[in-house]
Every structure is written in structure tokens, then in C-alpha cells.
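J.:
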Amino acid sequence: MKSLAFNELNKASQMLRRIEGQDLQLSAVKGLVETIVEHSANAIAFIYVEDFSSPREGLLKAMEYMPQSMWEEVFKVILMLEELPENKELLLYIAREAVEIASSIVLHNI
């Protein structure tokens with residue numbers, strides 16, 4: 009499962025690097041950030057569980073096995089999955105935050 013987590017984290021990181029510094033339309037940025045957040049959520053989920061049908065479900069299942077000290081960060085990612093703002097700067101901030109949270113949880117568990 010950890011290799012799946014690293015793969016998802018790598019996808020999120022690569023996508024984030026590609027969009028930073030680019031002058032993209034808001035709709036394009038929003039779509040890419042949504043995908044980055046999903047990959048980040050999957051990375052977290054794959055550390056703890058293997059079978060889930062959506063990033064949100066994966067996070068909720070993973071919370072059953074992870075320390076409660078990580079729940080606050082996971083709740084942040086769940087909120088990111090729910091609704092994204094209509095502002096490019098905020099979207100980039102959210103993408104960075106999602107990758108950072110996923111990185112810390114994945115690296116904590118290796």
C-alpha cells in the first residue's frame with residue numbers, strides 16, 4: 009500500500025510543480041487543483057487502507073487506523089475535497105497545503 013501512497017503523492021507533487029508560475033485560466037487551475045487534492049487524499053488513504061471508491065471515503069476509512077493526532081490535518085483535506093474557491097491564489101495555496109499534509113503523513117509512516 010505504501011508504494012501506492014508514494015505514487016499518488018508523486019502525481020500530486022508533479023502536477024503542483026506544473027501549475028505553479030503558469031498563467032492559466034481560473035477554470036483550468038480549479039480543475040488541476042481538484043485533481044491535486046484528490047491525489048493527495050489518495051496518498052494519505054493508501055497508507056492505511058487499500059480498498060475505497062473515492063478519496064473522501066478513503067480518508068474516512070483511514071481515520072479508523074491512524075492516530076487521532078492526525079485527524080485535524082485529514083479533516084482539512086476532506087474540506088478541500090468538498091468545495092474549492094473561485095480565486096487562483098487561494099486555489100494554489102490549497103494545492104500546496106494538500107501536498108504538504110499528504111507528504112507529512114506519508115513520510116511519518118515510512
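Under this note's numbering, residues 9 to 118 are what the sequence shown spells out, in order. Note that CB positions come from ideal geometry on N, CA and C, so glycine has one too. Model, not experiment: these values are computed from the prediction.
1) Residue range of the alpha helix (DSSP H) that S111 falls in?
2) For a quick check, are the C-beta atoms of A51 and I102 less than 9 Å apart?
3) Since V45 and M88 are thought to touch, with beta carbons under 8 Å apart, how far apart are those beta carbons, to the nearest angstrom?
4) Taking 8 Å as the threshold, find out whether the segment 12-20 comes into contact with the segment 71-78 through three or more Cβ pairs.
5) Considering only the beta carbon of each residue, do V57 and L100 sit closer than 9 Å?
T.: By the coordinates alone:
1) Taking the first residue of the sequence shown as 1, we reach residue 111 at position 103. Here the alpha helix (DSSP H) through S111 covers 96-116.
2) For the purposes of this step, residue 51 is identified with residue 43 of the sequence shown, where counting begins at 1. For the purposes of this step, residue 102 is identified with residue 94 of the sequence shown, where counting begins at 1. No, the pair does not count as a contact, with Cβ atoms beyond the cut-off.
3) Looking up residue 45 in the sequence shown gives position 37. Looking up residue 88 in the sequence shown gives position 80. Between M88 and V45 the Cβ distance is about 5 Å, and since that is below 8 Å, they are a contact.
4) no
5) Numbered from its first residue, the sequence shown carries residue 57 at position 49. Numbered from its first residue, the sequence shown carries residue 100 at position 92. Result no, Cβ atoms of V57 and L100 do not sit closer than 9 Å.
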